[in-house]
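Heads up, the thing below is written out as structure tokens.
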Amino acid sequence: MIQPGNDLSQAEWKLRTTRQQWLIWLGWLVGISLFLLCWKVISDNTMWVFVEDAPRQGADLLRRMMPPDWAYSERLWKPLWDTINIATLGTLLGIVMAFPCAFLAARNTTPHPLIRSLALMIIVSSRSINSLIWAMLLVTILGPGILAGILAIALRSIGFVGKLLYEAIEEIHPTPVEAITATGASRMQVMSYAVLPQVMPAFAGISIYRWDINIRESTVLGLVGAGGIGLQLNAAINTLAWDRVSIIFILIFATVLVSEYISAKVRKAFI
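Heads up: the sequence shown begins at 19 in our numbering, then just goes up one per residue.
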């Protein structure tokens, strides 16, 4: 039924063929079947007795965590400082390695397609492995400690910074590049005066954003022996000292809030 006032003069009518209808129904059938299959696999591998008991166990755990052991915080300042250093030094090291990688990976700045493929392989390899896995590998090679954590953060940061930066390089405006090139400038001069000024604000924002992420990731590296406050968190969980776990959570939360505030201010100043 056509409602009064509706203008159908501009309506565009499309004929849906029988083949299109079957394809739509087939798509719905495949999607629903896949959902049901995934639900069955999850259900078969889930112990629902524990799921039903989870609210009571969670409430009991929260009661054990209260009140936090505030006196224990005196022993956490150095590990917390180590965590911040792991994130900061790892980010700086990752940026140093990612910066040339990004220029080699960008289509408009790479010297050769083969070099571009190699740079992209490095970026993809870095992004494919989580920082916690990097830390596990490095702890096995270098032994436990802060150095393994710094290198894990750095290796993970290469892919993140490199990918976003090479995409920013490929999106620069070509006019300044053409103007500088027309003056007979060398390749390095074109990079310095036409490419870098356009990508530096994005580079600063990407770097600060990665540092903010690394603050969060470095807090758990100690779970595999890579230093920082994660070592104390792992020890507290293993000894069932839940009042100490709660104070560690509070300090981690406060640190993340401060890093978020600092990164927001710095990004606002650069961008």
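Even glycine gets a Cβ: it sits at the ideal position worked out from N, Cα and C. Just so you know, these numbers come straight off a predicted model, no measurement behind them.
Give me the Cα-Cα distance between residue i and residue j, rounded to the nearest whole angstrom.
{"i": "S146", "j": "G163", "result": "24 Å"}
{"i": "A197", "j": "V114", "result": "29 Å"}
{"i": "P219", "j": "A212", "result": "14 Å"}
{"i": "G45", "j": "T36", "result": "14 Å"}
{"i": "Q38", "j": "V195", "result": "48 Å"}
{"i": "I50", "j": "M65", "result": "24 Å"}
{"i": "D71", "j": "R82", "result": "17 Å"}
{"i": "Q75", "j": "A253", "result": "21 Å"}
{"i": "L239", "j": "R285", "result": "26 Å"}
{"i": "V67", "j": "F267", "result": "28 Å"}
{"i": "I60", "j": "W229", "result": "36 Å"}
{"i": "M19", "j": "L41", "result": "In this predicted model, M19 has a pLDDT of only 46, less than 50, meaning its place in the structure is not dependable; the value taken from the coordinates is given anyway. Cα to Cα, the separation comes out at about 29 Å."}
{"i": "S1", "j": "S175", "result": "It is not possible to answer for residue 1, since the shown part of the chain is limited to 19 through 289."}
{"i": "T128", "j": "V48", "result": "43 Å"}
{"i": "F271", "j": "A282", "result": "17 Å"}
{"i": "W260", "j": "S91", "result": "14 Å"}
{"i": "P192", "j": "V142", "result": "27 Å"}
{"i": "T199", "j": "L214", "result": "14 Å"}
{"i": "L55", "j": "P73", "result": "27 Å"}
{"i": "T201", "j": "F221", "result": "27 Å"}
{"i": "L275", "j": "R125", "result": "38 Å"}
{"i": "E185", "j": "H130", "result": "17 Å"}
{"i": "I231", "j": "S277", "result": "9 Å"}
{"i": "N63", "j": "D100", "result": "39 Å"}
{"i": "I133", "j": "L258", "result": "52 Å"}
{"i": "F53", "j": "N148", "result": "28 Å"}
{"i": "K96", "j": "M209", "result": "42 Å"}
{"i": "S204", "j": "E235", "result": "41 Å"}
{"i": "M84", "j": "A77", "result": "11 Å"}
{"i": "W43", "j": "I280", "result": "51 Å"}
Can the beta-carbon of residue i be found closer than 8 Å to that of residue j?
{"i": "T273", "j": "L138", "result": "no"}
{"i": "I190", "j": "Q216", "result": "yes"}
{"i": "A123", "j": "G180", "result": "yes"}
{"i": "L269", "j": "I224", "result": "no"}
{"i": "I233", "j": "A153", "result": "no"}
{"i": "T265", "j": "W88", "result": "A small fix is needed here, since residue 265 is Ile in this sequence, not Thr. Contact flag set, yes."}
{"i": "R144", "j": "L110", "result": "As written in the sequence, residue 144 is Ser, which differs from the Arg given in the question. No."}
{"i": "I247", "j": "T237", "result": "yes"}
{"i": "F117", "j": "I187", "result": "no"}
{"i": "G167", "j": "G112", "result": "no"}
{"i": "Q250", "j": "L79", "result": "no"}
{"i": "L150", "j": "L169", "result": "no"}
{"i": "I290", "j": "V263", "result": "Nothing about residue 290 can be reported from this structure: the residues present for the chain run from 19 to 289 only."}
{"i": "C119", "j": "I140", "result": "yes"}
{"i": "I171", "j": "G108", "result": "yes"}
Helix, strand or coil for residue i? Go by DSSP, reduced to three states.
{"i": "G45", "result": "helix"}
{"i": "G112", "result": "helix"}
{"i": "S204", "result": "coil"}
{"i": "A244", "result": "coil"}
{"i": "G163", "result": "coil"}
{"i": "K93", "result": "For the record, residue 93 in the displayed sequence is Arg; it is not Lys. Reduced to three states, the DSSP call for R93 is helix."}
{"i": "A186", "result": "helix"}
{"i": "D87", "result": "coil"}
{"i": "L258", "result": "coil"}
{"i": "S146", "result": "helix"}
{"i": "R125", "result": "coil"}
{"i": "M65", "result": "coil"}
{"i": "V157", "result": "helix"}
{"i": "V238", "result": "coil"}
Indicate whether at least one CB of chain D lies closer than 8 Å to the CB of residue i.
{"i": "R125", "result": "Although the question refers to chain D, the structure presented lacks it and comprises just one protein chain."}
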